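Read through the structure below, which is laid out as C-alpha cells, and then see the notes.
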Amino acid sequence: MGGAADRAPGATRRSVLGGAAASVLARPALGGARPRVVVVGGGFGGATAARELARGGADVTLVEASEAYVSCPFSNAVIAGLRGIDAQVLGYDALGRAGLRLVRGTASGVDPAARRVDLGDGTALPYDRLVLSPGIDLRFDVLPGYDADAVTAMPHAWRAGEQTVLLARQLAAMPEGGTVVLSAPANPYRCPPGPYERASLIAHFLKTRKPRAKLILLDAKDSFSKQKLFEPAWAALYPDVLEYVPLASGGQVAAVDPAAMIVRTDFADYKADVACIIPPQRAGRIAARAGCADRSGWCPIDPVTFESRLVPGIHVIGDAAIAGAMPKSAFSANAQGKVCAQAVLDLLDGREPESPRLINTCYSLVAPGYGISVAGVFRPTDGLLADVPGAGGISPPDAPAAVRAREAAYAESWYRTITGAVFG
Amino acid sequence: MRAAHSASLFAVVAALGSVPARSDAARPPAGASSCTGCHAAGAAMGALDGRTEAEIADALAAFRSGARPATIMNRIATGFDERESRAVAAWFAARGAR
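Shown next, in the form of C-alpha cells:
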C-alpha cells in the first residue's frame, strides 16, 4: 500500500525524505488501507503526535519545512552566554526512521472538504484526519514600528535559531554600562514565564559580565507566571540591574523606532543599546488558512480530542490551540500530542475517545543552578481544559537553595528526556 | 522499552487485521501518557516502566499526602485520586513487563 505522498501526483522523490526508511519499516499490507493522517509541524507537539500515530498503526506523513528543529526551551541560556546554540538543535533523522513519512515542505493550504493538504511545490497530501501543530506566528501588524524588518535591530528571539544567536551577540558586544530593554506582550503568547526567565538570565549576564549595565523589563500586563518566585529572586540577586515596569506603571510598549533604538511607551522613551521585543502572537499561519483560527487568532478545540471547533477532521495541538488553563509550553505540546494521537486513533477505529487528563510541568532558571517550576493537571470541564482543583502550582516561595539547585538539575534532565523522546 | 512497546502494539495490529484496532490494554489510562514527558531511563526522575504497580501507587499516595518530600510530584499527584493513581501505576507496571 503506497503512502499518501506516493499517491500524490505532485510528490517528488526529493520531497519524500523519509521514503526509504519508511518503506523498510512499513508494516505488511493486510488487505486494507491504513488510515492516512497528515501532521503539519515538526515541533514538540507535531513530532510527538506523528510518532504516536505511527506507533498506533496509522499511515503518517509529517510535513516540516526546516532541516532541523531549534528548541526554544533553554534558548534563554544561549542568549545569556551560558549555553551554545548547538545544544538547541534537534535533527529529524530519528523521526524519519520512526515508521512515518517525513516530507520537507510548507503546507500552503488545506481543503477540508476534499481532506487534502497542499504544499507550496504542488504536492497534495490526502488525509483521513489532519493534525496541525504549527506553533506561533509573530504579529508584525500590531506594534507600530515593529515590522518584519525591525527584528535585526531589535530581535524577538521568540522562535529559536538565528534570532537567538543574534541577541546573544548583541548582548556580548554591548558596552559596559549599557541599557538593555526587554518587552513582554499581553496574554496569550508562547511560554508564559519565558520573558521573565529571559530577564533573569540577561540580568545574570549583565551582573557578571557588564559592570553598571541595566535591564529594563517593560510588561504589557501586571501579573505573570511564577511572579511570586521571580520577583523576590530579582530583589535578592539583581537589585541594581533589573528594573521591572508593569502595565500599571506604564510598561506597555506603544511603538518602537528600530533605527534610533528607542522603545516608546505612553509615558517615556527608553533608549536601548540592546532591545529585545517579544511581539504579540497568533497561531501559525496554516491554522488560519485551514479555517481553524477564530477572531483571536488562536484555535478553539474540543478538549477531549483536540479536534477543531471550526473545521471537522482537523485537530490542533500545541501553542496554536486554545487549551483553556493549559499554558503554551513544550511540555504541554508533548502531552497534547500524545492525547490527540490517541483520540485520532480511536476516532479512526470508530471508538469514542476517553476523557483525558494532561499534565504540564515548566521549569525556569532565575540564575545558573537556581530553578523554579510551575505544574498543573488538567481535564476537560465545561468544554475547556481546566485545572484539576487542588493540584498544581508553583515551587514553594521559601524553599532553600538546595531545592532551587535540584529544580535546576531537574530542568536539565527534563530537557534531555523530552528531546530524546521526541527527536532522539 | 519503546521498541518493546511498539512491537507489542504491532502484534495487536497484526492479529486483528488491516484496521489498526488496538486492545484496551494498549490505551493508557487518563493522565498516564503525560508522565513520560519527564520519566525515562537515565533521567534524574527515573523510568516508570519496570516498577511494580504497588511501588508506583504507593509513591503517588505518599506524594499526595505529603508524607514523601518532593520538589514537584506533590503538586502533580494531587491531581489524581487513589483509583486514578492505581490505574496509572498498573499501566506502567504492565508496560514494563512486556
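Listed in order, the protein sequences are those of chains A and B. Going by numbering that gives the first Met the number 0, the first residue of the first sequence is number 0, and it counts up by one from there. Going by numbering that gives the first Met the number 0, the first residue of the second sequence is number 0, and it counts up by one from there. The beta carbon of each residue, even a glycine, is placed where N, CA and C say it ideally should be. Bear in mind that the values here come from a model prediction, so they are computed numbers and not experimental data.
Buried or exposed: which applies to residue i, given that a residue is buried once 16 or more other Cβ atoms fall within 10 Å of its Cβ?
i: S461 (chain A); result: A question about residue 461 (chain A) goes unanswered here, because the residues of chain A that appear run from 0 up to 423.
i: T151 (chain A); result: exposed
i: A106 (chain A); result: buried
i: R103 (chain A); result: buried
i: P8 (chain A); result: Low confidence applies to P8 (chain A): its pLDDT is 38, below 50, so where it sits in the model is not reliable enough to give any reading.
i: P133 (chain A); result: buried
i: E175 (chain A); result: exposed
i: G368 (chain A); result: exposed
i: R50 (chain A); result: buried
i: K270 (chain A); result: exposed
i: E81 (chain B); result: exposed
i: G349 (chain A); result: exposed
i: A401 (chain A); result: exposed
i: D345 (chain A); result: buried
i: K467 (chain A); result: Coverage of chain A is limited to positions 0 through 423, which leaves residue 467 (chain A) absent and any answer about it impossible.
i: S328 (chain A); result: buried
i: L211 (chain A); result: At residue 211 (chain A) the sequence reads Arg, which differs from the Leu that was named. Classification of R211 (chain A): exposed, given that the 10 Å Cβ count is below 16.
i: F266 (chain A); result: exposed
i: S22 (chain A); result: Low local confidence applies: a pLDDT of 36 at S22 (chain A) is under 50, so the model's placement there is unreliable, and no value is given.
i: D397 (chain A); result: exposed
i: A234 (chain A); result: exposed
i: K227 (chain A); result: exposed
Apart from the five residues just before and just after residue i, which ones in its own chain have a Cβ nearer than 7 Å to its Cβ?
i: V310 (chain A); result: P111, A289, G290 and C291
i: A92 (chain B); result: R50, T51, E52 and I55
i: G296 (chain A); result: R281 and A282
i: Y414 (chain A); result: P72 and F73
i: A29 (chain B); result: E83
Can residue i and residue j be called in contact, C-beta distance under 7 Å?
i: T163 (chain A); j: V88 (chain A); result: no
i: V240 (chain A); j: K206 (chain A); result: yes
i: N333 (chain A); j: F43 (chain A); result: yes
i: D48 (chain B); j: G95 (chain B); result: yes
i: V252 (chain A); j: L214 (chain A); result: no
i: T60 (chain A); j: V37 (chain A); result: yes
i: P194 (chain A); j: A183 (chain A); result: yes
i: S224 (chain A); j: P191 (chain A); result: yes
i: V130 (chain A); j: L124 (chain A); result: no
i: S363 (chain A); j: E196 (chain A); result: yes
i: A232 (chain A); j: V365 (chain A); result: yes
Which residues in the same chain have their Cβ closer than 8 Å to the Cβ of residue i, if we skip the five residues on either side of it in sequence?
i: T418 (chain A); result: S70 and L89
i: T416 (chain A); result: none
i: P143 (chain A); result: A253, A254 and V255
i: I358 (chain A); result: F330, A334, A374, G375, V376 and F377
i: F9 (chain B); result: Caution applies to F9 (chain B), whose pLDDT of 41 falls short of 50 and renders its modelled position unreliable; the value that the coordinates give is listed next. Cβ within range, chain order: n/a, list empty.
i: A219 (chain A); result: S182, A183, P184, A185, L246, G250, Q251 and V252
i: D148 (chain A); result: P257
Per DSSP, what are the beta-bridge partners of residue i in this structure?
i: T178 (chain A); result: A:K213
i: N359 (chain A); result: A:G375
i: V315 (chain A); result: A:L131
i: Q435 (chain A); result: With chain A running from 0 to 423 in the structure shown, residue 435 (chain A) is simply not present.
i: P299 (chain A); result: A:I321
i: T60 (chain A); result: A:V37 and A:R100
i: I393 (chain A); result: A:V373
i: T264 (chain A); result: A:V252
i: L118 (chain A); result: A:A106
i: E196 (chain A); result: Paired residue(s): none; E196 (chain A) is not in a bridge.
i: D386 (chain A); result: A:F377
i: C275 (chain A); result: A:L181
i: A86 (chain A); result: DSSP lists no partner for A86 (chain A).
i: Y68 (chain A); result: A:L89
How would you list, in chain order, the residues of chain A whose beta-carbon sits under 7 Å from the beta-carbon of residue i?
i: A58 (chain B); result: Correct list: empty, because the minimum Cβ distance to chain A is about 16 Å.
i: R74 (chain B); result: A374, A390, G391 and G392
i: I71 (chain B); result: T360, S372 and A374
Could you work out which residues of chain A lie near residue i, taking near to mean beta carbons separated by less than 8 Å?
i: A89 (chain B); result: Simply none; closest approach about 15 Å.
i: A42 (chain B); result: S412, W413, R415 and T416
List the residues of chain B whose Cβ lies closer than 8 Å to the Cβ of residue i, in chain order.
i: G419 (chain A); result: A39
i: L129 (chain A); result: Near L129 (chain A) there are no residues of chain B at all, since even the closest Cβ is about 17 Å away, more than 8 Å.
i: Y91 (chain A); result: Here the premise fails: no neighbours, minimum Cβ distance about 17 Å.
i: I358 (chain A); result: G30, S33, C34, G36, I75 and G78
i: R96 (chain A); result: None at all; the shortest Cβ gap to chain B is about 12 Å.
Below 9 Å on C-beta distance, what does residue i contact in chain A?
i: T51 (chain B); result: Neighbours of T51 (chain B) on chain A: none; closest Cβ ~22 Å, over 9 Å.
Can you pull the chain B neighbours of residue i, defined as C-beta to C-beta under 7 Å?
i: T60 (chain A); result: Going along chain B, no residue has its Cβ under 7 Å from T60 (chain A), so there is no contact; the nearest lies around 16 Å.
Quick one: residues in its chain with C-beta nearer than 6 Å to the C-beta of residue i, no 5 flanking neighbours on either side, listed in chain order?
i: T304 (chain A); result: A342 and P352
i: Y243 (chain A); result: L216
i: R67 (chain B); result: A61
i: P279 (chain A); result: R138, V141 and P184
i: V387 (chain A); result: V376 and R378
i: V273 (chain A); result: Q169, L170, M173 and V179
Listing by chain order, which chain B residues have their CB less than 9 Å from the CB of residue i?
i: A408 (chain A); result: A43
Within the present structure, is the beta-carbon of residue i separated from the nearest heavy atom of the ligand ADP by less than 6 Å?
i: G41 (chain A); result: Ligands displayed in this structure: none; no statement on the ligand ADP is therefore possible.
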